[in-house]
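Asks: Sequential numbering from 1 applies to the sequence shown in UniProt numbering. Idealized CB from N, CA, C, for every residue including glycine. Can you read through this structure? Questions will come right after.
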Amino acid sequence: MPKNPELELALQFIKKTDRNLFITGKAGTGKTTFLHKIKSDSLKRMVIVAPTGVAAINAKGVTIHSFFQMPFGPILPNQIANTNQQRKFSKTKIDIIKSLDLVIIDEISMVRADLLDGIDQVMRRYKNRNKVFGGAQVLMIGDLQQLAPVVRPNEWSLLQQHYNTVYFFSSKAYQEANVVSIELKHIYRQKNEDFIKILNEIRTDTLSDESAKILNKNYNPSFSPTKDDGYITLTTHNNRANLINNSELNKIKNKSYYFDAEVSGKFNENSYPNSEKLELKIGAQVMFIKNDSSPEKRYFNGKIGIVTDISRETVTVHCGDELDEIVTEREKWENINYSINEETKEIKEDISGSFSQIPLRLAWAITIHKSQGLTFDKAIIDAEASFAHGQTYVALSRCTSLEGLVLKTPITSNAIINDRTVSVFNESVEENHPDETVLNNSEKEFQLNLIAELFDYQPFLYPTTRLIDIYYKNKTSIKGDVIDHLQTIKDDGVVALMKVSNGFKRQLSEISEDNILPENSSQIQERFTKAVNYFLNQTKNNILKPLNTIAFSSDNKSVKTDFKKQFDALQEKLLEKLFALNKMTESFKVDKYLEVRAKAVLQKSAPTAKKKKISNRKDPLLALKLRELRDEIRVAENIPAFQIFTQETLYAICESLPRTEKELLNVKGMGKTRVSKYGEEILEVIETYCKENGINKQNEQKREDKKPTKQITLELFRSGLSVKEIAKERSLTTNTIESHLASYIPSGDVDILELIPLKKYKKLVDEIEKIEFKSLTELKEKVDKSFSYMELRMVLMTIEK
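If you want it as structure tokens, here you go:
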């Protein structure tokens, strides 16, 4: 694409800032090409969405309703946040949304205000509730003078209570989003200045008498092209286009050939890019509806030609004066679904379905709506029945020149329907066009925002406050060591760090220099690294430690669910924060932080199941206390341990928790003699244990579950600590920590490549595949001595032998 200052400026805003953007431009200014350039060049994690299935397929994205799982019909303020109307999001979808840097919305002119607010609600819900669009950058691409949103009268009767207009710019999210608007000026489609001037006047509903006179010289109601002329009729309604196409096809006496589409996977019928059963004849006028995927690039979307030959698998087309005919085979359209690559953690496009068909459709006529984005050298315009804003402009702007244009009806002001609201908005876009100064300031602000985000503890406040609120409202039904630790987290952790963070943000703003970006400032880098160490230590001491000490239980199911939900949310945010801080201790770089931020979100966390009952028989604490008592008696009386009680009896005591001599007598292995001799001491140990763990006298065993030791190890690992660091933190051996983490390999909570380098892993797998062995010991003797027992164990968990 030739140099284009507006386009280059827009690309720089995407690359260097977090500003939300509206990119507009007249028809033929390269908006779609701009979208694909961002997709291929940008390092930001992004998704592309569009309001209709066809638009989504053309943009190589997904529909808004599909990705954000929007309800059909009007979306009222806070409707998604406050109701369960949305379908439940998958863990993958939530992870994608949480890790997004950029959301691209194509054909924004067709997006209603309530739908854009719905996107904002979803992004806030899963990313950051305190920032518009959840803090992600949003790029909106489209021309408001083209096709408008569709809204039924009964829908507008509900929406007009909340919005001034149906257009996206009336949404509350847009008004809050501090959008930079850039209009692409260079027109690639048309070269004739007179024609460009006429299109501009129609676009703005200011068609002059002189321009109308020039335009209507092309009025020829009786015009009838020959089959070799290559004209296509653009009309307003689908039935008019079908009538013309079927009529012309029936005039051809040649045999009909039918091509059945091959549809696989998920592909909505409403999004089919072509007929499922395509009828063609030799001599039919056709239009290519896809760019050639072969290296030769023989055709493009909108190219017109005549069918000259048809076989079972191909259709040959001759276009205009070109010497070479085009032998056309099936093309494939793919339905995209987004997921996360488990190895690279990048957002990847999965093909959930495909539609394969000959990329041709009958082209004597097409609706103006379906012509959007296409280019024609020769077109017959029938705009007499224009019924919506922008239709006449869309139809005329498909043409490359006045010479190839024929008007079936004269163009008058009646055929030009423009919305004054749109015109006023477009005028404001032109008046507020950004320059290099705005770009530079926005880039600097972007970097300062990222630093502030790393030290932002505002997101911790809501779940912490909710937990405290739930506790005080349900004190009688929540048992355990809870409230003191929550108050410590809130007062000494979250609130204290919020104050420091706000002060630090102001200081950075004050010391940042006008012409130096934060990542290039030695002064800011020095302050940054000191801040990371401070926040890391404070977070560990005043949030992580008290959070790990909390233990709770509840008889009330709804209270238990609500409490656990907020507890898990707080734990998840903490793990993300610790991971990011641990990875940013050396310096601040934008690309590094964006990568770390995404990985922090995508770390697999397994929140502790706080309410799950654990059999006391498997609880080592009581068994340990009873063994200690047995050893004391054994030494004092110089008798074998089994004479006091056997191992089987010990487990039976742990299982039943007897609280009286009568209950102790019922335990297998405890006769009258043993109870009379040792019963009092045994019951004392049990009583102490029950008091310490909140077990009531009715023997209901509702103690607060303590977090398993390996769970604590996993959480520290997910927070960014290495195996050695965790071992030091917990005063355990590295072998023990590796054993904890290895236990999570089969479930996928830990990837073996996080513990063993890829090269070493592949080498060991290759060796194991070649060796016959019956035990781990035998295997250890046969492989390279550099491999440890633990590494062998971990690798064996991932392969079948």
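Is S722 near the ligand SAM, going by C-beta to nearest heavy atom under 7 Å?
Replies: Ligands displayed in this structure: none; no statement on the ligand SAM is therefore possible.
Asks: Jot down the residue ranges of each uninterrupted alpha helix (DSSP H) in the segment 13-53, minimum 4 residues, whole runs only, in chain order.
Replies: Whole alpha helix (DSSP H) segments, 4+ residues: 31-41.
Asks: Is the beta carbon of Q603 less than 8 Å from the beta carbon of L575?
Replies: Sequence index remark: in the sequence shown, residue 603 carries index 603 (1-based). Sequence index remark: in the sequence shown, residue 575 carries index 575 (1-based). Yes, they are a contact pair.
Asks: Which residues in the same chain have their Cβ closer than 8 Å to the Cβ of E510, if we skip the five residues on either side of it in sequence?
Replies: In the sequence shown, the residue the question calls residue 510 occupies position 510. So the list is empty, once near-sequence residues are dropped.
Asks: Drop a sphere of 10 angstroms on the beta-carbon of T226, count the other beta-carbons inside from all chains shown, and report buried for 16 or more, exposed for fewer.
Replies: Against the sequence shown, residue 226 aligns to sequence position 226. So T226 ends up on the exposed side.
Asks: What do you get for L758, buried or exposed, if any count of 16 or more other CB atoms within 10 angstroms of its CB means buried?
Replies: For this step, residue 758 is matched to residue 758 along the sequence shown. The residue in question, L758, is exposed, as its Cβ has fewer than 16 Cβ neighbours within 10 Å.
Asks: With respect to the alpha helix (DSSP H) encompassing D117, which residues constitute its N-terminal and C-terminal limits?
Replies: Within the sequence shown, the letter at position 117 stands for residue 117. Counting along the chain, the alpha helix (DSSP H) containing D117 begins and ends at 113-126.
Asks: Would you list the residues sitting across from T649 in a DSSP beta bridge?
Replies: Locating residue 649 in the sequence shown gives position 649, counting from the first residue. Answer is none; T649 lacks a bridge partner.
Asks: Would you call the CB atoms of I336 and I351 closer than 8 Å?
Replies: The residue labelled residue 336 in the question sits at position 336 within the sequence shown. The residue labelled residue 351 in the question sits at position 351 within the sequence shown. A contact, by the Cβ cut-off of 8 Å.
Asks: Rounded to whole angstroms, what is the Cα-Cα separation between R203 and Y393?
Replies: Numbered from its first residue, the sequence shown carries residue 203 at position 203. Numbered from its first residue, the sequence shown carries residue 393 at position 393. If I take the Cα positions, the gap works out to 6 Å.
Asks: Rounding to the nearest angstrom, what Cα-Cα distance links R597 and F446 in this structure?
Replies: Your numbering for residue 597 matches position 597 in the sequence shown. Your numbering for residue 446 matches position 446 in the sequence shown. Going by the C-alpha atoms only, they are around 15 Å apart.
Asks: Quick check for students: name the residue ranges of the beta strand (DSSP E) that lie wholly in the segment 196-277, counting only runs of 3 or more.
Replies: Runs of the beta strand (DSSP E) inside the segment 196-277: 232-235, 256-260, 262-265.
Asks: Just verifying my parser: in three-state terms, what is the DSSP assignment at C399?
Replies: To locate residue 399, count along the sequence shown from 1; it is residue 399. If DSSP states are grouped into helix, strand and coil, C399 belongs with the strands.
Asks: Check each candidate in M287, V307, D309, T308 and name the one with the smallest Cα separation from F300.
Replies: On the sequence shown, position 300 is the one that residue 300 refers to. The residue with the shortest Cα to Cα distance from F300 is M287.
Asks: Just curious, the alpha helix (DSSP H) that L764 is in, first and last residue?
Replies: By 1-based counting over the sequence shown, the position of residue 764 is 764. Unbroken alpha helix (DSSP H) run through L764: 758-770.
Asks: Thinking just about the alpha-carbon of each residue, which of V166, D229, R718, D209 is nearest to the one in D377?
Replies: As a working mapping, residue 377 is identified with position 377 in the sequence shown. Ranking V166, D229, R718, D209 by Cα distance to D377 puts D229 first.
Asks: So, under 8 Å CB-CB, L753 and F717 are touching, yes? Tell me the CB distance rounded to an integer number of Å.
Replies: The residue labelled residue 753 in the question sits at position 753 within the sequence shown. The residue labelled residue 717 in the question sits at position 717 within the sequence shown. No, L753 and F717 are not in contact; Cβ-Cβ is about 14 Å, not under 8 Å.
Asks: According to DSSP, R361 sits in a beta bridge with which residue or residues?
Replies: Counting from 1 along the sequence shown, the entry for residue 361 is found at position 361. Answer is M287.
Asks: Can you give the Cα-Cα distance for D382 and E210, rounded to whole angstroms?
Replies: Position 382 of the sequence shown, counted from the first residue, corresponds to residue 382. Position 210 of the sequence shown, counted from the first residue, corresponds to residue 210. Those two C-alpha atoms are separated by around 21 Å.
Asks: Select from A113, G748, A652, V150 the residue whose C-alpha is nearest the C-alpha of H369.
Replies: For the purposes of this step, residue 369 is taken as residue 369 along the sequence shown, with counting starting at 1. Here the closest residue by C-alpha is V150.
Asks: List the whole-angstrom C-beta distance separating F195 from L402, where the pair is believed to meet the contact cut-off of C-beta under 8 Å.
Replies: Within the sequence shown, the letter at position 195 stands for residue 195. Within the sequence shown, the letter at position 402 stands for residue 402. Correct: roughly 5 Å between the Cβ atoms.
Asks: Exposed or buried, K801, counting other C-beta atoms within 10 Å across all chains shown (16 or more means buried)?
Replies: Position 801 of the sequence shown, counted from the first residue, corresponds to residue 801. In this prediction, K801 has a pLDDT of 43, which is less than 50 and means its spatial position is unreliable; nothing more can be read from the coordinates.
Asks: By DSSP, does P607 sit in helix, in strand, or in coil?
Replies: Working through the sequence shown from its first residue, we reach residue 607 at position 607. With a pLDDT of only 43 at P607, under the threshold of 50, the placement of this residue in the model should not be trusted; the figure read from the coordinates follows. If DSSP states are grouped into helix, strand and coil, P607 belongs with coil.
Asks: Straight-line CA distance for F645 to Y689?
Replies: Within the sequence shown, residue 645 is the residue found at index 645, counting from 1. Within the sequence shown, residue 689 is the residue found at index 689, counting from 1. So the alpha carbons of these two residues sit roughly 19 Å apart.
Asks: I need the straight-line Cα distance from K613 to V180, nearest angstrom please.
Replies: Along the sequence shown, one-based indexing puts residue 613 at 613. Along the sequence shown, one-based indexing puts residue 180 at 180. A caution first: K613 carries a pLDDT of 35, below 50, which makes its placement in the model unreliable, though a value can still be read off. Going by the C-alpha atoms only, they are around 55 Å apart.
Asks: DSSP three-state label for Q137, please.
Replies: Counting from 1 along the sequence shown, the entry for residue 137 is found at position 137. DSSP places Q137 in strand when its eight states are reduced to three.
Asks: Who are the Cβ neighbours of T421 in its own chain at under 6 Å, not counting the five residues just before and after it?
Replies: In the sequence shown, residue 421 corresponds to position 421, counting from 1. Excluding residues within five positions, the ones whose Cβ falls inside 6 Å are T165.
Asks: Between the C-alpha atoms of E269 and I187, what's the straight-line distance to the nearest angstrom?
Replies: For this step, residue 269 is matched to residue 269 along the sequence shown. For this step, residue 187 is matched to residue 187 along the sequence shown. If I take the Cα positions, the gap works out to 34 Å.
Asks: Find the nearest neighbour of P518 within the set D562, L578, N440, N502, judged by alpha-carbon distance.
Replies: Walking along the sequence shown from the start, residue 518 turns up at place 518. Comparing Cα positions, the closest option is N440.
Asks: How should M70 be labelled, buried or exposed, when 16 other C-beta atoms within 10 angstroms of its C-beta is the threshold for buried?
Replies: Walking along the sequence shown from the start, residue 70 turns up at place 70. It counts as buried.
Asks: Which term fits F588, buried or exposed, when burial requires 16 or more other beta carbons within 10 angstroms of its beta carbon?
Replies: Taking the sequence shown and counting its residues from 1, the one referred to as residue 588 is at position 588. It counts as buried.
Asks: If we ignore side chains and look at the alpha-carbon of each, how far apart do R330 and T316 end up?
Replies: For the purposes of this step, residue 330 is taken as residue 330 along the sequence shown, with counting starting at 1. For the purposes of this step, residue 316 is taken as residue 316 along the sequence shown, with counting starting at 1. Each residue's alpha carbon lies about 12 Å from the other.
Asks: Pop quiz: residue 804 and I48 are said to be a contact at Cβ under 8 Å. What is the actual Cβ separation, rounded to whole angstroms?
Replies: Residue 804 lies beyond the stretch modelled for the chain, which goes from 1 to 801, so this question has no answer here.
Asks: DSSP has A379 in a bridge; who is on the other side?
Replies: Reading the sequence shown from its first residue, position 379 is the one you call residue 379. Bridge partners of A379: I232, L405.
Asks: Excluding the 5 residues flanking N254 on each side, which residues of the same chain have their C-beta closer than 6 Å to its C-beta?
Replies: For the purposes of this step, residue 254 is identified with residue 254 of the sequence shown, where counting begins at 1. Around N254: K281, I282, G283.
Asks: Could you tell me which of D41, E8, F563, S311 sits nearest to E183, measuring between CA atoms?
Replies: Counting from 1 along the sequence shown, the entry for residue 183 is found at position 183. The candidate whose alpha carbon is nearest that of E183 is E8.
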